[in-house]
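Here the structure comes first, spelled out in structure tokens, and everything after it is commentary.
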Amino acid sequence: MVEGGCVCVCVCVCMFDKSFYNLKQEASQDLFQTPPDLCQLPQARGPCKAALHRYFYNSTSNACEPFTYGGCQGNDNNFETTEMCLRICKAPGSQTEWKSGDL
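When you read off a place in the sequence shown, starting at 1, and then add 11, the result is the number in this note's numbering.
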């Protein structure tokens, strides 16, 4: 069953749209000079009940922080690793900040 861009199996797993996929591709090539708008979005667990370990960029603390993602909906400020979060959201030349639980 497909609901709002999510495919429900045992837990709901959201499918990223093509523009977000392209955004992550560009980030892996270090093309950003300033953080994209998605890095300003708040942490969003989503309504589903999974407990997936993810990271979001906290624009107040300027750091990637861990959170528990429910598995569906939420928003695009949702990364599987701190490396991807930092690569997309940290401006080049800024100091990397790690929060406890990152290792």
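For glycine and all other residues, C-beta sits at the position ideal for the given N, C-alpha and C.
Item to complete: Pull up the distance between the alpha-carbon of A102 and that of P46, whole angstroms please.
Response: Using only the alpha carbons, I get a separation of about 6 Å.
Practice prompt. Measure the alpha-carbon distance for G81 versus Q51 and round it to whole angstroms.
Written response: Going by the C-alpha atoms only, they are around 20 Å apart.
Worksheet item: By DSSP, does L63 sit in helix, in strand, or in coil?
Response: In this structure, L63 counts as strand in the three-state DSSP scheme.
Practice prompt. Have a look at the DSSP bridge pairing and note the partners of N69.
Written response: BP columns for N69 point to A74.
Worksheet entry | Residue of R98, C83, D87, N88 minimising C-alpha distance to A61 | The candidate whose alpha carbon is nearest that of A61 is C83.
Worksheet item: Alpha carbon to alpha carbon, what distance is there between P58 and E94?
Response: In a straight line, the C-alpha of E94 is about 26 Å away from that of P58.
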